[in-house]
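Asker:
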Amino acid sequence: MVFAATLFVSCSDDDNDNDVEEPLDQSELILGEWNYISQTLNGEDIEFNDECQKENEYQIYTSDGVYHQTEFENITGNGCEQVASTVGTWSIEDSILNLNIGSDPEDHSALTILELSENTLKYQIKIDYDNDGVLDDYIGILSRRN
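For the sequence shown, this note's numbering begins at 158 and goes up steadily by one.
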């Protein structure tokens, strides 16, 4: 009878080991819609040009590798207006998020993923943000859109 109880406990432990879920990989975690919540340039927080950008701009990553981004501004003072919509493709390899929005090599961006969880996407990219001829260190932080 003691042997049967030990065997049962032993089998029970093995069953629990099989129930452990594998963590999602980055290509699965990124799927969905993301809103910008903050951004930094060369280590300094930078404000969005207006609340329309912060509240309405979003990125969408779909399971078929399609990337969408919308941009909004309050140009006329009459509320938020969509000023741009970008569609392209995306892929992730070794924590590098590759975005392609055209066939020209300049239409490719490689973003380093600093953090990616169920709720947060944080990436870094070297770009000439202020058009002064010097590459800047830009970090974008996004939150999963509900």
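We put the beta carbon where it would ideally sit given N, CA and C, even for glycine. Being a predicted model, the structure only gives us computed values, none of them experimental.
#1: Around the Cβ of I296, are there at least 16 other Cβ atoms within 10 angstroms (buried) or fewer (exposed)?
#2: Let me check understanding here. Comparing Cα to Cα, which of S252, H265, E228 lies closest to E185?
#3: Taking only beta-carbon positions, decide if E263 is within less than 8 Å of chain D.
#4: Taking the DSSP output, what are the residues bridged to N192?
#5: Quick check: what's the CA-CA separation for Q302 versus I282?
#6: Taking the alpha-carbon positions, what's the L188 to E204 distance?
#7: Do I298 and S195 have their beta-carbon atoms positioned less than 8 Å apart in this structure?
#8: So, is Q216 buried or exposed, given that buried needs 16 or more other C-beta atoms within 10 angstroms?
Answerer: Reading off the structure:
#1: buried
#2: S252
#3: No chain D appears in the structure shown, which is made up of a single protein chain.
#4: Y215, S300
#5: The identity of residue 302 in the sequence shown is Arg, whereas the question assumes Gln. Straight-line Cα distance between these residues: approximately 22 Å.
#6: 26 Å
#7: yes
#8: buried
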